[in-house]
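Sequence lines, in order, name chains W and H. Going by this note's numbering, the first residue of the first sequence is number 23, and it counts up by one from there. Going by this note's numbering, the first residue of the second sequence is number 32, and it counts up by one from there. Ideal placement from N, C-alpha and C gives every residue a C-beta, glycine not left out. Just below is one structure, and these are the notes that go with it.
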Amino acid sequence: MPPPSDATLALLFSSLEEGDATAGSALFAALYSELHRIATRELARNGWGVSLGATSLLHEAYFDLSKRAGTSFPDRNRFMGYAARVMRGLIVDYARNRQAVKRGGQFELTALSTDALNVAAAVESDELVRISQAIDDLSDMEPVLAEVVDLKYFCGFSFEEIAAMKGLSDRTVRRYWVKARAYLHASLRATLPSL
Amino acid sequence: MPNDRRASWQSASPYLDTALDLPPAERAVWLAGIRAHTPELADQIAHWLAECEALEAGDFLEGAAALEPARSALAGLQLGAYRLTEPIGHGGMGSVWLAERTDGRYEGRVAVKLLSAALVGRAGEERFAREGRILAKLAHPQIAHLVDAGVSPIGQPYLVLEYVEGQTIVAHCDAARLGLTERVRLFLDVLAPVAHAHANLVVHRDLKPSNVMVTPSGQVKLLDFGIARLLEPEAGPQTLPPLTRDGDALLTLAYAAPEQVSRGNVTAATDTYALGVLLYVLLTGQHPAGEAGESPATLIKALVETEPRRASEAVDDARSRRRLRGDLDTIVAKALKKDPAERYASVSALAEDLRRHLRHEPISARPDTVAYRTATFMRRHPWPVAAAIVSVAMLSVGLFVTDRQRRISERRFQQLRQLSGQAFALDARLNYVPGTTQAREVLVAASLQYLEGLSAAAQSDSDLAYEVADGYLSMARIQGVPTGPTLGHFDQAEASLLKAHTLIEMLLAARPRDLRALMLSVDIRHDRMIVADSVHRVADAIVHATGAAARIEQVVNDDRATLEQRQFVIARYTNVALANVNLRRYNEAVRLARRQADLARSIGVGPSDLSGSLSVLANALRLQGDLDGALEAIRESRAYADQTSNTDAGLMMQRYGPLLREGFILGEDRSVSLERPIEAIVPLREAFELVEGGARRDPGDYTSRSRVGTVGRELGDILRWSDPRAALAIYDVALGRLGEIENNVRARRDSALILAGSAYALRRLDRVAEAKQRIEKALAMLTDTKDYPVQTMAFDDAAFSVLLARADQLADEGHPAPAIAAYRTLLTQVSQTKSDFDHDLRDANSLSLLYEGLARLCRGSGDAGEAGALDAKRLALWRHWDRTLPNNPFVQRRLASLQP
């Protein structure tokens, strides 16, 4: 897909906010291709062996897009809300791609764990796919919980940042996280006995 | 199933919000309320709540995802004479590749270990270099040897190692279906290279199946000395120096010895333990910790607390069990002793016992009797890690029942006292253990839950109130009172302190002269003051500082207080005075420091404490602008320090502080001082000799090394103007000592400051190019420590001094325009911080120096107008200070230098 024109993106945002539900999937596709393009560019620029944090990628994307699209573009917080779900899709696809095309695949996913004991913990792509499905399942019932997971785990934002973005208290975001994690863990355990 | 889960979730979800907002201790009662009406719903809620609580201790979805180029992108990369062909391993340090030689000289396959790009430029490089050095030292046919080393085109270091084809020892044993005797024989082959390494004073520290390979020809090869460590022959067993988090975290917990987790001495016995685990796994197919080995938290607990099951008890079939029972059980148990001293004295001794066993001769190790096992368990109490967690867990059980039973509360006090003591001791041990943060969080949460349960009863029971308040105080210090290492939760620490405060103040309202409560109140207010100061809640910090001082006075003036109690509370004045310094309340700081010194003199404290009090006073006086008073106080402080024993090296160090401070007061370069630099050299030189002597005597004395850096920098800064050659010599000694401190941000910051300071001396010796190099190196160091680049900075930030040195370098090289620009940037940046030119004499002086330097540059490049404007600003600044501190000699000297 060619890069979406800047006017298109801005238009999609405003249509979606005005209640045009069909704009959702178009926006997803447009943002996806944009994030993919920037990831490819950044990874090429940084050289091999350098990982690219989702957070910096998103900021980069926002910077790029808002600069080009001008004033009609949503503010950073609203943008991140849309982009978080897209980011998850991108990450899962990269991981899947790595699994499928052993040599041709360009990127792979590692978990940058904050726990020093798990520095080397890598997330397998099929596990990631299951996590993603469970998040979709959760999103069906409680979209805000799913969004917190997308922002935290897939986009790398801190609780404080998420709270500020969503206009929630820090405590509430943490509680959402605890709840979401419990649901996802139970879902994953159900799909994979050994977990 | 999924539909059941969704339905269960949807009914429980709204209630979970309420439950999770309750303190953990209250959830059971709340849930019981729901259960009374809707038991099914309560079950659902309990189920999900348990799920939430269980996940707290794990690492499910912790961390964040990132994109990185596939390792396969490295395939084909040429590194020196080798071309990477395929990845064969991946760990925290980086990746390992199979590579082939391509320079045509000979055919050969090697393994290339690449440092992860994320670790380049940090401690990772040093660790990598260490692995190279260690491997170069070890030549043994069963140790994969070092072939070559280098740096990739983008700066990633790599090691070229012998490529070992084969399987891990465990996979090999299983594939070859080896029997127990054959396994023991093969294991003996593992011991030979380990013994060789030990003979060369190298401890592997990460022995585990994946590092022990068996080649197709059946030879055992040892791999991966990535975290190996050299033992110092003269020092004997050594305590681990402060290792980097990312460094030691790399060790494999499943094979780590207890002392590796609790930061005891790492010796050859550490490898013996890992070999014991390996032997256990080879003989039984299981980990000695059993199922506890499955998560880091339970494994740490098992590691330090639980005696492993005997090997014979871990196998199912009767034949193996018979074969293991007796000698092999005993040998494995001896290798796995918690106390390193009780393990085999050497790997060879372990090998010898295994050989005796194979020859059916009596072995040297003695089996443990049940009584012996119990005895060692009790003796091991110095490992309180898991013990405390367990006792906390036991205490929490049945809380709601026992609370109302006054009869057994006596016993509970005992437990509570023990609990806070243990939690504290435990925390000190866990603090530097990587990855135990969660364990500590769990510990604190469990303790708080217990304290919470007792709080209500404590309000009507003074004995309980002391204990609970004391418990909260201990918890706060783990949570975040930064007088020691903490979990960094200031807000939680304040919440605990507030609970302690409320209990004790209620008690004092009823009994205003309760001495024990007064003592606790001193500590609670003291700690709250420090927390408030740490989070820059100025008003609160002042309230607590004032409150703490009032309580100290109450105790001191109470004739029932013992000498020890008085000495204890007087010592608290030090931090109260320092907090006032931080709050820029210098008059109050001086008043309190003076009061402390007076009290110390009148009630009689040791000369070392008195010396400390006077030193605090001198510091406060200096900041207040009373330099003569400061000099008098510091000389008195030094006289008391001299009264402490002169023989004991440790006590001699008492003199360091007063000497350094005297030097500062007399002539600290570019700061508020008496401006008598020549006199300052005398005490500074003495301090320098003192700490340099300490560093020379003891290679593990990092405090002295760091102090050589501090005093060396000051001495060099003074000398560089009059005797640049001598200054350079001092700077270089200081740099050398700081360089001996591994992986310490402060040491690197200090090194950067010294590099920048020494640039001035080098330029005076016409070594301009070297000067420039040093400044660039200093900036690179600050980039590493994340001190540069920054948006704003304060005068005492390392980046400020280094950037100033760079501006001066530019000016000296004849580039006035960029130098002026650099000065202007610095001016803007310091103005945006909390610098307070009107209330802080040091800040005012630093600003004045900046104006002065900039004016000189402007004048030099012909801009007399701008120079005049800067001089006017300077004059206005000091006129302001002349009103604040009338007739102050320091201010007067500034004004005099400005008058035409």
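- Under the 10 Å beta carbon count, H:I785 is surrounded by 16 or more other beta carbons and is classified as buried.
- Between H:A576 and H:I601, the C-beta spacing is not below 8 angstroms.
- Excluding the 5 residues flanking it on each side, H:A160 has same chain C-beta neighbours closer than 8 angstroms at P188, in chain order.
- Here the alpha carbon of H:A202 sits roughly 18 angstroms from the alpha carbon of H:D255.
- Looking at the DSSP output, H:A142 shares a beta bridge with H:L129, H:L192.
- Between W:A204 and chain H, the shortest Cβ-Cβ separation is below 8 angstroms.
- At a Cβ-Cβ threshold of 8 angstroms, W:A48 and W:L34 count as neighbours.
- H:G725 is not a Cβ neighbour of H:Y762, given a cutoff of 8 angstroms.
- With respect to the C-alpha of H:R756, the residue from H:A790, H:T69, H:Y481, H:Y46 having the closest C-alpha is H:A790.
- With respect to H:S478, H:G502 sits close: the two C-beta atoms are nearer than 8 angstroms.
- Membership of H:V243 in the beta strand (DSSP E) is indicated by the continuous run 243-245.
- With 16 or more neighbouring CB atoms inside 10 Å of its own CB, H:V703 falls in the buried class.
- Taking 8 angstroms as the cut-off, the Cβ atoms of H:I709 and H:S737 do not count as close.
- At least 8 angstroms separates the CB of H:Q75 from every CB of chain W.
- Within the region 616-697 of chain H, the runs of alpha helix (DSSP H) at least 4 residues long that lie entirely inside it are, in chain order, 617-634, 638-655, 658-674, 680-683.
- At a cut-off of 8 angstroms between beta carbons, W:V166 makes no contact with chain H.
- Using a CB distance cut-off of 8 angstroms, H:D48 counts as an interface residue toward chain W.
- Under the Cβ criterion (8 angstroms, minimum of three pairs), the region 617-625 of chain H does not count as touching the region 587-601 of chain H.
- When DSSP states are grouped into helix, strand and coil, H:K252 belongs to the strand group.
- Of the residues assessed, H:G643 falls on the buried side of the cut-off, its CB having 16 or more other CB atoms within 10 angstroms.
- By the CB criterion at 8 angstroms, H:L192 and H:L211 fall outside the cutoff.
- Around H:D843, no beta-carbon contact reaches into chain W at under 9 angstroms, the shortest distance being about 37 angstroms.
- Closest by C-alpha distance to H:V378, out of H:A230, H:A167, H:S877, is H:A230.
- For H:G181, no alpha helix (DSSP H) run applies; the uninterrupted beta strand (DSSP E) run containing it begins and ends at 177-182, by DSSP.
- For H:Q523, the closest of H:A476, H:S486, H:Y113, H:Y311 by C-alpha to C-alpha distance is H:A476.
- Among the residues of the region 181-204 of chain W, those with a Cβ less than 8 angstroms away from any Cβ of chain H are R193, R197, V200, K201, R203, A204, in the order of the chain.
- Residues F868, L908, W912 of the same chain have their beta carbon placed closer than 7 angstroms to that of H:A875, with the five preceding and five following residues left out of the count.
- In terms of beta-carbon proximity, W:M102 stays away from the interface with chain H, with every pair separated by 8 angstroms or more.
- With 16 or more other Cβ atoms from the protein chains shown falling within 10 Å of its own Cβ, H:V363 counts as buried.
- Fewer than three Cβ pairs drawn from the region 168-179 of chain W and the region 33-53 of chain H lie within less than 8 angstroms of each other, which leaves the two stretches out of contact.
- In this structure, the CA atom of H:V612 is about 11 angstroms from the CA atom of H:L648.
- Comparing alpha carbon positions, the residue from H:D732, H:A50, H:D558, H:A563 closest to H:I509 is H:D558.
- In the structure shown, H:E844 adopts coil according to DSSP, grouped into three states.
- In the same chain as H:T133, and ignoring 5 residues on each side of it, the C-beta atoms closer than 8 angstroms to its own belong to Q109, A112, Y113, R114, in chain order.
- Under a 10 Å Cβ-count criterion, H:A852 is classified as exposed, with fewer than 16 other Cβ atoms of the shown protein chains found around its own Cβ.
- For H:L86, the uninterrupted alpha helix (DSSP H) run begins and ends at 70-87, by DSSP.
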